[in-house]
Amino acid sequence: MRIKWRLFWSYDVIKTQQWLSDQSKKGLLLVGFYPKLRIFKFKKTNQQSNQYMIIYDKKSNGCPNRYLIDQDYLEITHTKNYYVLKQLKENPQIYPSYEAFLNKNAKLKYIVGNILLFASFMYFMIFVIILTSVLSGSFSFEWGGWDSPDIVYTTQEIIFGIIQAMIFYSILLIILFSPFWMIYTYLKLNKANKTLEKLCGNTKTIKFTLPTDTIIDKNNLSFYKKQGQIIKKTKIGWFYSPDIAVKWLEKMEGEGFNLLSMSNLGNSFYFIKGKPKKVKYHVDFQIKKNANYLSINEENGWKLFFTSLTRYFAITVWSKEYKIDIPEFYSNIEDERSHAKKFMITYASIYIFLGTLYAAVSVLFGYTIWTIIPDHGIDLLLLSIPIFFILSTILYFYYAYKVIRYYYRVKKIFFRN
Amino acid sequence: MAKSIESYMPLSETAYYILLSLKIPRHGYGIIKYVDELTNGRIVLGSGTIYTTLGKMKKSNFITVYQDQDRKTIYILTTKGKKLLELEVDRIKKMYSDTLKVEGVLDEN
């Protein structure tokens, strides 16, 4: 019996599977798996060349029978949420899906990524504050040792001191090493999840937020722009009334301005002067887009122009050309309505929260400044901070108002024309 | 506690046709094409509708996914999904026979 420990086995499950199969070539056969302890248990036998699959599945508690019926797979072991299969054929007809695994790892990547983003912002702010105070001379270091007179400690004090030091150093270690763990996790998952996405049926290649087949070469773009063939239109914040944007895009197509591409942040549209076309647009919102979200819509004839960077709270722009019957992204109006509701609730709550926060900050700043005006006098630099916060507050409430209006417009539709 | 199968009934037309088409495993687009053929174009499912409905069904464990040899996603009914389909078919059969009875009455008048 041999036991092997693989700490981050779940980050790249494909690599772990390869590792298991390499072990079997060395004559170590997998007999047990303890995912929480990250332990793999092996039995020494003759050399074999086995292919393994590790599947994460919260619902089935072991391999569903259908994989075993065709005798394509053999279940080696299972725990509550995982099962390990041995492939019995070189090319099985079906594969258990890695979708649940991908969802789990994508969530981890998203959380770690957001913490890193927030932490680096905080560190940057602290750095700026320290730098400005050092430069302005209001911050100075004082060097000096502690006085250490001869003190005799009791045993109790010594033990207590050691425990205190241990707690202090372990917290320090966690604080020091968790950024490394997070960066490692993020980078590792970023790479491994792409492989998993392909194995889960995603065929689309996305560069930042744009599908690679719509990206225009920069030299071509400036050339055609000079010729007047490509025009650029910018609409900031159009996301929050998608139905109006969709109508505008459809009108542009009808007038012969065909959408070519969008900008990375989605605020600008590039049109080429062409023929008038009948094109249906749809701006879709998904709280979570699965690996096959893009391919299922694309197979149905929808062309992708833009999709959000992360798989959560995703906004995606689709278009479909038609002759007579207008294609619908949501074939019944209830789905359209619940889609709009989801969109409204998500964005309205985000912006109302931010708006309230910024309003509170503006009041706080406003009050502070009001109290120091008699001594300090009014200057523009002083006023710029509350003005910035007040403008942001207005913008956030305006966006919230826009999404709520959008929902009520969709809610009113009873029949489609 | 898990919701009982009956609490999902009656299914929406979309959900019913999706379950019905999954008598044999299909791709997402395969479901759209099959339902279109089956209903002679009466029901053309939008891909957004398919995506959200399949997502909900997956969550309630009526269907599961796997990959075919080209790594395309295929949907398959679970035992729970089969049970739901059976119950729905039964209910619709009853509805149909009840409708026939009433129609007969109406014809005589």
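Here the protein sequences line up with chains A and B, keeping their order.
Residues in the first sequence are numbered consecutively from 166, following the working numbering.
Residues in the second sequence are numbered consecutively from 387, following the working numbering.
Ideal Cβ positions, reconstructed from N, Cα and C, are used throughout, including at glycine.
Computed from a predicted model, the values in this text were never measured in an experiment.
- Message: So, for A:I569: in the same chain, excluding its five sequence neighbours on each side, which residues have a beta-carbon less than 7 Å away from its beta-carbon?
- Response: On the first sequence, position 404 is the one that residue 569 of chain A refers to. Closer than 7 Å at the Cβ level, and outside the excluded window around A:I569, lie M509 and A513.
- Could you check if A:N367 is buried or exposed, using at least 16 other CB atoms within 10 Å of its CB as the buried criterion? Residue mapping note: residue 367 of chain A aligns to position 202 of the first sequence, counting from 1. Answer is buried; the Cβ neighbour count reaches 16.
- Message: What does the alpha-carbon distance come out to for the pair A:T558 and A:D500?
- Response: By one-based count along the first sequence, residue 558 of chain A stands at place 393. By one-based count along the first sequence, residue 500 of chain A stands at place 335. Distance between the alpha carbons of A:T558 and A:D500 is about 32 Å.
- Cα-Cα, which of B:T465, B:K389 and B:I436 is closest to A:S225? To locate residue 225 of chain A, count along the first sequence from 1; it is residue 60. Nearest option by C-alpha distance: B:T465.
- How would you label A:R476, buried or exposed, when you count the other beta carbons within 10 angstroms and need 16 or more for buried? Counting from 1 along the first sequence, the entry for residue 476 of chain A is found at position 311. Flag for A:R476 reads buried.
- Query: What is the DSSP secondary structure of A:P539, counted as helix, strand or coil?
  - Reply: As a working mapping, residue 539 of chain A is identified with position 374 in the first sequence. A:P539: helix per DSSP, three-state reduction.
- Looking only at DSSP bridge pairs, what is B:K466 linked to? In the second sequence, residue 466 of chain B corresponds to position 80, counting from 1. Answer is none; B:K466 lacks a bridge partner.
- Residues that B:I498 contacts on chain A, provided the C-beta gap is smaller than 9 Å: Only positions 387 to 495 of chain B appear in the structure, and residue 498 of chain B is not among them; the question remains open.
- Task: From the DSSP output, read off the bridge partner residues of A:N423.
- Result: Here residue 423 of chain A refers to the residue found at position 258 when the first sequence is read from its first residue. Per DSSP, A:I437.
- Query: Where are the beta strand (DSSP E) runs, 3 residues long or more, that stay fully inside the region 357 to 407 of chain A, in chain order?
  - Reply: 395 to 399
- Could you please give the first and the last residue of the uninterrupted alpha helix (DSSP H) stretch that includes A:A456? For the purposes of this step, residue 456 of chain A is taken as residue 291 along the first sequence, with counting starting at 1. First-last for A:A456: undefined, no H or E at that position.
- Query: Closest by CA to A:T150, which one among A:I396, A:F404, A:L361 and A:S262?
  - Reply: Examination of residue 150 of chain A is not possible in this model, given that chain A is present from 166 through 582 alone.
- Range covered by the beta strand (DSSP E) that runs through A:V482: For the purposes of this step, residue 482 of chain A is taken as residue 317 along the first sequence, with counting starting at 1. Where A:V482 is concerned, the enclosing beta strand (DSSP E) stretches over Y477 to E486.
- Message: Going by the DSSP bridge assignment, what does A:M218 pair with across the sheet?
- Response: Reading the first sequence from its first residue, position 53 is the one you call residue 218 of chain A. Looking at the DSSP assignment, A:M218 forms a beta bridge with A:L250.
- Message: Give me the chain A residues within the contact set of B:K458, using Cβ-Cβ distance strictly less than 7 Å, ordered along the chain.
- Response: To locate residue 458 of chain B, count along the second sequence from 1; it is residue 72. In chain order: G366.
- Buried or exposed: which applies to A:P539, given that a residue is buried once 16 or more other Cβ atoms fall within 10 Å of its Cβ? Mapped onto the first sequence, residue 539 of chain A falls at position 374. Under this definition A:P539 is an exposed residue.
- Query: What number of angstroms, rounded off, separates the C-alpha of A:Y176 from the C-alpha of A:G393?
  - Reply: Taking the first sequence and counting its residues from 1, one reaches residue 176 of chain A at position 11. Taking the first sequence and counting its residues from 1, one reaches residue 393 of chain A at position 228. Roughly 49 Å between the two C-alpha positions.
- Message: Can you find the residues in the same chain that come closer than 7 Å, C-beta to C-beta, to B:T439, ignoring five residues on each side of it along the sequence?
- Response: Here residue 439 of chain B is taken as the residue at index 53 of the second sequence, counted from 1. Within the same chain, B:T439 has close Cβ partners T400, A401 and I404.
- What's the gap between the Cα of A:S406 and the Cα of B:E489? Here residue 406 of chain A is taken as the residue at index 241 of the first sequence, counted from 1. Here residue 489 of chain B is taken as the residue at index 103 of the second sequence, counted from 1. One C-alpha to the other measures close to 48 Å.
- Query: Which residues of chain A have a Cβ atom closer than 8 Å to the Cβ of B:L454, listed in chain order?
  - Reply: Start at 1 with the first residue of the second sequence, and residue 454 of chain B comes out as number 68. One detail in the question is off: residue 454 of chain B reads as Asp in this sequence, not Leu. Simply Q258, I259 and Y260.
- Item | Among A:T379, A:F434 and A:I409, nearest to A:I396 - alpha-carbon criterion | Taking the first sequence and counting its residues from 1, one reaches residue 396 of chain A at position 231. Checking every option, the nearest Cα to that of A:I396 belongs to A:F434.
- Query: Counting pairs of beta carbons, one from the region 430 to 449 of chain A and one from the region 484 to 502 of chain A, are three or more of them closer than 8 Å?
  - Reply: yes
- Task: Give the single residue among A:S428, A:N432, A:N429 and A:N423 whose Cα lies nearest to the Cα of A:K438.
- Result: The residue given as residue 438 of chain A occupies position 273 in the first sequence. Taking only the C-alpha atoms, the option nearest A:K438 is A:N423.
- Message: According to DSSP, is A:W174 part of a helix, a strand, or is it coil?
- Response: Along the first sequence, read from residue 1 onward, the residue named residue 174 of chain A stands at position 9. Coil at A:W174, not helix or strand.
- Item | Pair within 8 Å by beta-carbon distance, A:Y263 and A:G402 | By 1-based counting over the first sequence, the position of residue 263 of chain A is 98. By 1-based counting over the first sequence, the position of residue 402 of chain A is 237. No, Cβ-Cβ distance for A:Y263 and A:G402 is not below 8 Å.
- Item | Closer than 7 Å at the beta carbon, the chain B residues around A:W467 | Numbered from 1 along the first sequence, position 302 holds the residue referred to as residue 467 of chain A. Within chain B, the residues near A:W467 are S433.
- Task: Could you spell out the range, first to last residue, of the beta strand (DSSP E) harbouring A:F470?
- Result: In the first sequence, residue 470 of chain A corresponds to position 305, counting from 1. Taken as a continuous stretch (DSSP letters only), the beta strand (DSSP E) holding A:F470 covers K468 to T472.
- Task: To the nearest angstrom, report how far apart B:M443 and A:K269 are at their CA atoms.
- Result: Here residue 443 of chain B refers to the residue found at position 57 when the second sequence is read from its first residue. Here residue 269 of chain A refers to the residue found at position 104 when the first sequence is read from its first residue. Using only the alpha carbons, I get a separation of about 19 Å.
- Along the alpha helix (DSSP H) that carries A:L273, what are the first and last residues, could you check? Reading the first sequence from its first residue, position 108 is the one you call residue 273 of chain A. Per DSSP, A:L273 belongs to the alpha helix (DSSP H) from E264 to L300.
- Message: Given this structure, state the Cα-to-Cα distance separating A:N582 from A:Q451, to the nearest angstrom.
- Response: Position 417 of the first sequence, counted from the first residue, corresponds to residue 582 of chain A. Position 286 of the first sequence, counted from the first residue, corresponds to residue 451 of chain A. The predicted position of A:N582 is uncertain, since its pLDDT is 49 and thus under 50; a value taken from the coordinates is nonetheless stated next. Distance between the alpha carbons of A:N582 and A:Q451 is about 25 Å.
- Message: Cβ closer than 8 Å: which chain B residues qualify as neighbours of A:Y275?
- Response: Along the first sequence, one-based indexing puts residue 275 of chain A at 110. Under the 8 Å cutoff, chain B gives no residues; its nearest Cβ is about 18 Å from A:Y275.
- Chain-ordered chain A contacts of B:V475 [CB-CB under 8 Å]: Here the question's residue 475 of chain B lines up with position 89 in the second sequence. Result: empty, since nearest Cβ-Cβ is about 21 Å, beyond 8 Å.
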